[in-house]
Structure formats: structure tokens, C-alpha cells
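K.L.:
Top line first, the protein sequences correspond to chains U and H. The working numbering numbers the first residue of the first sequence as 35 and each following residue consecutively. The working numbering numbers the first residue of the second sequence as 770 and each following residue consecutively. Note that the Cβ used here is the ideal one computed from N, Cα and C, for glycine as well. The structure presented is a predicted model; accordingly, all values stated were derived computationally and were not measured.
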Amino acid sequence: DQQVKQNSPSLSVQEGRISILNCDYTNSMFDYFLWYKKYPAEGPTFLISISSIKDKNEDGRFTVFLNKSAKHLSLHIVPSQPGDSAVYFCAASGGGGADGLTFGKGTHLIIQP
Amino acid sequence: NAGVMQNPRHLVRRRGQEARLRCSPMKGHSHVYWYRQLPEEGLKFMVYLQKENIIDESGMPKERFSAEFPKEGPSILRIQQVVRGDSAAYFCASSPSFKNTEAFFGQGTRLTVV
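(1) Check whether the Cβ of Y122/U lies closer than 8 Å to any Cβ atom in chain H.
(2) Let me know the secondary structure DSSP gives D133/U once reduced to three states.
(3) Which of the residues in the region 849-867 of chain H, read from start to end, lie with their CB under 7 Å from any CB of chain U?
(4) Based on the DSSP secondary-structure assignment, which residues constitute the bridge partners of I52/U?
(5) Along the chain, where does the beta strand (DSSP E) that runs through G128/U open and close?
(6) According to DSSP, is E92/U part of a helix, a strand, or is it coil?
(7) Looking only at its own chain, which residues have a Cβ that is under 8 Å from the Cβ of L135/U, when we skip the five neighbours before and after it?
(8) Give the single residue among S86/U, F80/U and K72/U whose Cα lies nearest to the Cα of S62/U.
(9) Which residues in chain U sit within 8 Å of T870/H, going by Cβ to Cβ distance?
(10) Quick check on G828/H - is its C-beta less than 8 Å from some C-beta in chain U?
(11) Can you grab the Cα-Cα spacing for the pair F99/U / A788/H, in whole Å?
(12) Taking beta-carbon pairs under 9 Å, can you tell me which members of the region 799-822 of chain H lie near chain U?
(13) At the level of alpha carbons, what is the spacing between T60/U and E809/H?
(14) Take I14/U as the anchor and find which of G138/U, D118/U, K102/U and F80/U has the nearest alpha-carbon.
(15) Pull up the distance between the alpha-carbon of H106/U and that of E841/H, whole angstroms please.
(16) Rounded to whole angstroms, what is the Cα-Cα separation between T97/U and K88/U?
(17) Check the Cβ-Cβ distances between G76/U and every residue of chain H, and say whether any is below 8 Å.
(18) Cα separation between I845/H and R791/H?
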């Protein structure tokens, strides 16, 4: 029973263009969402987050959009840079269950030169 | 201010042996979370501890796995009688508060069971 889903295992984008990573969730009790970036052999690093009471949060090249009615969020990266190539995880907090975060399976973003 | 330190980075164990994974939280952090990442999967929550207390172990397998966070020293995740299916990356995250959204992750320990 996967409560956080990232349906694209990988995504290839040309340098300078916009990268859009998607995430869907099923638990309407989630109240906070986060995106993490992960390089091989390293731990996840926090990128950006959004509270369920907002629909948009922006930080530099990164913007997260939340559509509560659709239970969908997306991460926009513009412009995409070679250093953005990594695995991106969507995670959710709350949900009425365990105290830890609930993660999706990740999307491997590849930025093409 | 050093980050979350996990050791060893890589651990190889034969089936039936014990594995001990250590996590030293960031300075001032008294909340620790352990996650496991199986190949091609996302991170899965295992256990949440505060100093000397297990708060939530709902993600821990019922047998062979245990965790502690003593008053002094690192948090330890212990796996007894390891099996091949325990091969995974184990990540620790520490937080200054009960909010898991404020946690910082360590670099992980990659356990390989042969």
C-alpha cells in the first residue's frame, strides 16, 4: 500500500529547460510535503517543502506546487543545470500513522548537455 | 557543526551474523529516525527514538531488529542473524525536535549480506 507515488522512475531534460517532477499521494491526512535530492552513495538532502495550507512555495530555481483536491504535487526546476542530475524523492509527513516520513520511490533526473 | 555521522559506510556480513549500525546525531539533536532503502525502492521508516526512549517502532520488523539511543553515545541499529533480504542502505536522520520535517540525514550504511 504505497501512500506516496512517483510514477516516473526517470526523466531526461535538456540543460536550460524546465524539469517537472510529479508526485501523487493517497492519504488526505498528510499535512506537509518535502522534496529531497539524493546523489549516489550519499544521504538525501532537503530541497524544498510545502505545507498543506499552501499551494505554492518557491526557492530560487525550485518551485513546488500542491493541488490538494487532486492529491498531487510537483517540483519545477528552471533552468535545469547539470548538477541537478540526481534522484529526487517526494516525502510526506502526518498521515496519522508512523512518526517518520513516507517516501515515494524516487525519480532519477538526468540533465542532458 | 558536523552533520549526522553514520558508520560504517559499508558493512559486509555473512548470513547468520550480527550487524551493528551506528548513528551520531548532529550536535544538539536528541531525536533520531532510522530508515531503510531496499534496491529500487524509496526510504521506509523503521523507528523513531529520543534519548533513552523508543517512541515509535512501527516500521521495524518484529524479529531480529532492535534499536537504541542511549544517554551517552550514538544510536545503534542492531540486526541479528542477518539474511540476504536485509541487504539495503540504512539511513539515520536526526532532528532538534519531534518534527520529522526538520531532520537531517546521514550518508547511510550500505549493508551487504553474503
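P.N.:
In short, the structure shows the following:
(1) no
(2) coil
(3) F860
(4) Paired residues: none, contrary to the question.
(5) A120 to G128
(6) strand
(7) L68, A125, A126 and S127
(8) S86/U
(9) Y66, L68, S83, S127 and L135
(10) yes
(11) 41 Å
(12) Y802, W803, Y804, Q806, E809, E810, G811, L812, K813, F814, M815, V816 and Y817
(13) 21 Å
(14) Because chain U is modelled from 35 through 147, residue 14/U falls outside the range shown and cannot be assessed.
(15) 42 Å
(16) 12 Å
(17) Rather than Gly, the amino acid found at residue 76/U in this sequence is Glu. Yes, its Cβ sits closer than 8 Å to a Cβ of chain H.
(18) 5 Å
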